[in-house]
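All remarks here apply to the structure that follows.
Residue numbers (our numbering): 192 to 344.
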């Protein structure tokens with residue numbers, strides 16, 4: 192015959208879980224937003240940079256460079272999953288990242304004897320490097336939320 196046993200501390204944990212459900216959404220959004228900003232900074236550091244323009248050699252503003260065009264969306268919740276995006280708004284980002292064919296006017300297109308410029312894949316390389324850290328991020332955020340909620344009281 193089955194015996195009922197009482198687990199000590201379970202009621203206290205259930206109360207903490209209910210409290211976390213009420214207070215955590217704001218903290219989750221804040222933690223994910225700060226993580227996205229950190230990721231944006233790391234990607235910005237590895238982005239190729241040329242301080243002068245290609246043609247007129249005038250100094251450009253930071254917002255005109257590939258490095259200055261990285262954005263991080265606000266965290267959203269979709270079907271119970273929190274997610275955010277880090278992306279580039281530069282129109283030439285895909286050309287630098289993946290490479291492109293050299294296009295000329297009217298004659299055979301070459302650049303330094305090459306008809307194709309290979310991509311640098313800087314974004315893909317950095318994401319691969321940070322993948323273990325990014326996979327541990329939800330657990331880290333959950334630990335920080337529990338520390339903020341329950342250690343502070």
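Idealized CB from N, CA, C, for every residue including glycine. As the structure is a computational prediction, the values presented were derived from the model and not from experiment.
- Proximity of the segment 223-231 to the segment 257-271 meets the contact definition, three or more beta-carbon pairs being nearer than 8 angstroms.
- For residue 307, the uninterrupted beta strand (DSSP E) run begins and ends at 307-309, by DSSP.
- Secondary structure within the segment 251-307: the beta strand (DSSP E) runs of 3 or more consecutive residues, fully enclosed, are 261-263, 267-269, 272-274, 277-279, 290-292 (chain order).
- One thing to note: residue 258 has its Cβ no nearer than 8 angstroms to the Cβ of residue 278.
- Under the three-state reduction of DSSP output, residue 241 falls in the coil class, being neither helix nor strand.
- In summary, residue 341 is exposed, with fewer than 16 beta-carbon neighbours lying within 10 Å of its beta-carbon over all protein chains present.
- Note that the C-beta distance between residue 280 and residue 293 is not below 8 angstroms.
- The closest CA to that of residue 275, considering only 228, 289, 213, is found on 228.
- Taking every protein chain shown into account, the CB of residue 272 has fewer than 16 other CB atoms within 10 angstroms, so this residue is exposed.
- Sequence-distant Cβ neighbours of residue 291 in its own chain, meaning closer than 7 angstroms and more than five residues away, are 308.
- Close CB contacts of residue 312 within its chain, under the 7 angstroms cut and outside five residues either way in sequence, are with 288 (chain order).
- At the C-beta level, residue 318 and residue 219 stay beyond 8 angstroms of one another.
- For residue 233, same chain residues with a beta-carbon under 8 angstroms away, outside a window of 5 residues either side, are 317, 321 in chain order.
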